[in-house]
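What follows is a short report on a single structure.
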Amino acid sequence: EWFAMVQEEIAQEAIAPVRYYTTGLNAWRESQEWPPPGLSPTTMYLAPSGEGRGAGHLLWRQQPPPMDAVSYQYDPANPTPSLGGVSLGHGAGMERQNDLYLRADLLVFTSAPLNEAIEISGAPEVTLTVGSTSCSTDFFVKLVDIFPGGDGFNISEGVVRVADCSRRQKGLAKKTITLPLQPLSRVLFAGHRLQMIITSSHFPRFERNERQADVTVHFTATEPSTITFPMRKQSAL
53 EWFAMVQEEI
63 AQEAIAPVRY
73 YTTGLNAWRE
83 SQEWPPPGLS
93 PTTMYLAPSG
103 EGRGAGHLLW
113 RQQPPPMDAV
123 SYQYDPANPT
133 PSLGGVSLGH
143 GAGMERQNDL
153 YLRADLLVFT
163 SAPLNEAIEI
173 SGAPEVTLTV
183 GSTSCSTDFF
193 VKLVDIFPGG
203 DGFNISEGVV
213 RVADCSRRQK
223 GLAKKTITLP
233 LQPLSRVLFA
243 GHRLQMIITS
253 SHFPRFERNE
263 RQADVTVHFT
273 ATEPSTITFP
283 MRKQSAL
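Residue numbers for the sequence shown, in the working numbering: 53 to 289.
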């Protein structure tokens with residue numbers, strides 16, 4: 053097809069400008085634009101449960117949380133390990149994430165089981181209100197598809213370093229940050245759950261931050277922590 057196009061036997065207008073692979077459906081698809089038409093920006097809200105760092109909720113509608121902040125300790129001597137993701141090295145791609153849930157240096161937020169299938173196609177964007185006892189802290193977010201049997205597999209991720217050490221500050225004051233995740237196209241079927249993991253390292257894929265820190269994520273009505281992504285429901289797939 054490419055050679056035919058070069059030889060002008062096929063009009064270039066006949067070839068879609070966007071061709072992408074949708075995991076879950078396991079199918080190649082074409083579109084005139086990205087994200088594909090028919091998806092709507094959808095926001096989910098992070099809410100701690102008060103039952104531990106690994107038991108947070110990912111909600112379709114904002115609700116008053118039982119607590120306004122949750123913290124974890126980042127130790128560069130024991131960084132959160134890389135499990136899958138975009139990499140040219142060993143262990144790239146989708147990997148089972150369940151071993152991470154035993155760690156104390158991360159926060160986990162999980163939705164209720166889906167009533168119907170949804171498609172996420174595009175680049176998710178995470179907004180977090182954060183603080184840290186260190187003047188330089190990394191924030192790593194991983195989006196996970198939880199299967200009905202309980203296994204979780206990574207589907208997107210993103211990282212940002214927040215630093216303000218110029219004035220010899222001892223820590224980062226509370227601030228709101230925006231963290232873009234990698235583009236994806238994924239269908240999550242009924243019974244699956246969407247999950248978000250927040251931590252401060254993804255080693256060895258990313259160089260670890262050498263500064264130890266107590267990291268806090270805040271949850272208030274005026275400064276919610278959220279994730280927004282292009283989505284459509286089963287009826288529109």
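Just so it is clear, CB atoms sit at the ideal spot from N, CA and C, and this is done for glycine as well.
- Collapsing the DSSP output to three states places Asp-190 in a strand.
- Beta bridge pairing from DSSP links His-270 with Ala-121 and Thr-181.
- For the 8 Å CB-CB criterion, Asp-190 and Ser-123 do not form a contact.
- Per DSSP, reduced to three states, the secondary structure at Asp-203 is coil, with no helix or strand assignment.
- By a beta-carbon distance limit of 8 Å, Glu-177 does not contact Pro-133. Their separation comes to about 25 Å.
- In the DSSP assignment, Ala-175 falls outside any beta strand (DSSP E) and carries neither an H nor an E.
- Between Arg-245 and Ala-169, the gap from beta carbon to beta carbon reaches 8 Å or more.
- Between the C-alpha atoms of Phe-161 and Val-269 there is a straight-line separation of about 12 Å.
- Asp-197 carries a strand assignment under DSSP once its states are collapsed to helix, strand and coil.
- In the DSSP assignment, Gly-137 is bridged to Gly-145.
- With distances taken between CA atoms, Ser-218 lies nearest to Cys-187 out of Val-211, Asn-206, Cys-187 and Arg-238.
- Leu-154 counts as exposed, since fewer than 16 other beta carbons sit within 10 angstroms of its beta carbon.
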